[in-house]
Amino acid sequence: MTLIPSFGPHCTVEELLLLAVGVPVFDAASGEAFLLRAYLILIFRDMPAMSMVMHFKGHNGFCPCCSCNITGIGDPGNPCAHTLYIPLDCSHHPAVHTNPSMVTKYDPANLPLQTDREILQQAQEVQFQVSPTASNNIGKKYGIKGTSILSSLLSISFTQSFPHDFMHLVFENVLTLLTLLWTGQFKGLNEGTESYQFPSDVWDAIGQGTAAAGLTIPGAFGQHPPNVATNKTACTADLWCFWLLYIAPVLLSHKFDNAAYFNHFIALVKLVNICLQFEISHDEVATVHQGFIDWVEEYER
């Protein structure tokens, strides 16, 4: 089922409410009438569309997550910037030093989870403010624009029915961020005392190797990979996924001065491989859970 908010969400929700109550249908096999019921329990979309459907501020909000109450902090070197960051360890941020009420460090294994009741209460608080300015101010605090029409569906849980957008999260966010860090192009940051950046000729060679690899990869695996060093605009999420899983582990091997960065990257490859399996065991769920905790903590170190 496709839900497009700008093209009649009320009609869609009305139909879903009717289906939840039950629609009379006839069973030709038994010759009897019965009530057919159906319930919407999961909604899949990319992050911007999901934020619109949920009536949330989204990934740029002060409280951007629909599952937990982790909050963003600004760039201390650029106080005029509007971009917020969500590190687990905020202990070195100036805002934490001046505001004792701020969380110093989040435990990734025990994040401050939200509840459906909490989200709905906050949404109503935003919606019923006395003025648009007051509503906007409290909305920024909660990361919520108001009450979503989907809240009328009892089968929907705002904390569980909206899975995170894996495509944007990993292939168009994390992987893109890593390549910018490796090439010294992330917001003017240098590598400081570390050694994770490639010399330009090394990254150029990786890009050329990526493009050349397409000559020996069957078309059934996808389109021809472009040169990731010179033609990033041609890199779709699908291409980044293929590059991450099959090309990069070979081309990045022995390219870092410190092997710890390659091992950290391969840990991500292994986790993504599990996530993309058709079936995932309970043990693998535990592996992914702990694996991403370890990966993020190692990244922040």
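In terms of the numbering used here, the sequence shown opens at residue -10 and continues consecutively. For glycine and all other residues, C-beta sits at the position ideal for the given N, C-alpha and C.
| Query | Result |
| --- | --- |
| Can you tell me the Cβ-Cβ gap for isoleucine 62 and histidine 82, rounded? I've got them flagged as a contact below 8 Å. | 5 Å |
| Could you compute how far the alpha carbon of glutamine 111 sits from the alpha carbon of proline 188? | 49 Å |
| Who pairs with alanine 22 in a beta bridge, going by DSSP? | Phe15 |
| Beta-carbon separation of leucine 240 and valine 258 under 8 Å? | no |
| With burial defined as no fewer than 16 other Cβ atoms inside 10 Å of the residue's Cβ, what is the status of glycine 128: buried or exposed? | buried |
| Under 8 Å, Cβ to Cβ, is there at least one residue of chain B near phenylalanine 45? | Among the protein chains of the structure shown there is no chain B, as only one such chain exists. |
| Please classify cysteine 55 as buried or exposed, where buried requires at least 16 neighbouring CB atoms within 10 angstroms. | buried |
| To the nearest angstrom, how far is the alpha carbon of glutamine 118 from that of methionine 43? | 19 Å |
| Just to confirm the assignment, what range does the alpha helix (DSSP H) spanning methionine 39 have? | 36 to 43 |
| Can you tell me which of the three DSSP states cysteine 54 falls into? | coil |
| When we look at the beta-carbon of glutamine 186 and count the other beta-carbons within 10 Å, is it buried (16 or more) or exposed? | buried |
| Taking the continuous alpha helix (DSSP H) assigned at cysteine 230, which residues delimit it? | 226 to 231 |
| Which residues share a DSSP beta bridge with leucine 102? | Cys57 |
| Between the alpha carbons of leucine 166 and glutamate 114, how many angstroms are there, rounded? | 36 Å |
| Among all the DSSP beta bridges, which residues are the ones paired with tyrosine 74? | Ile62 |
| With DSSP run on the structure shown, which of helix, strand or coil describes threonine 222? | helix |
| What would DSSP say about lysine 134, mapped onto helix, strand or coil? | coil |
| Tell me which same chain residues have a C-beta within less than 8 Å of the C-beta of valine 2, skipping the five on either side of it? | Ile138, Leu139, Ser141, Leu142 |
| Would asparagine 247 and serine 144 be called neighbours here (beta carbons separated by less than 8 Å)? | no |
| For leucine 29, is the classification buried or exposed, using 16 other Cβ atoms within 10 angstroms of its Cβ as the cut-off for buried? | buried |
| Identify every run of the alpha helix (DSSP H) within the region 113 to 176, keeping only runs that are complete inside it and at least 4 residues long; order them along the chain. | 121 to 131, 164 to 171 |
| Please look up how many angstroms separate the CB atoms of leucine 73 and asparagine 49, rounded, as I've assumed it's under 8 Å. | 7 Å |
| Is the beta carbon of proline 238 sitting closer than 8 Å to the one on isoleucine 263? | no |
| By DSSP, does lysine 259 sit in helix, in strand, or in coil? | helix |
| Determine, using beta carbons only, whether glutamine 116 and cysteine 57 come nearer to each other than 8 Å. | no |
| For arginine 26, which residues from the same chain have a beta carbon less than 6 Å from its beta carbon, with the 5 sequence-adjacent residues on both sides left out? | Gly11 |
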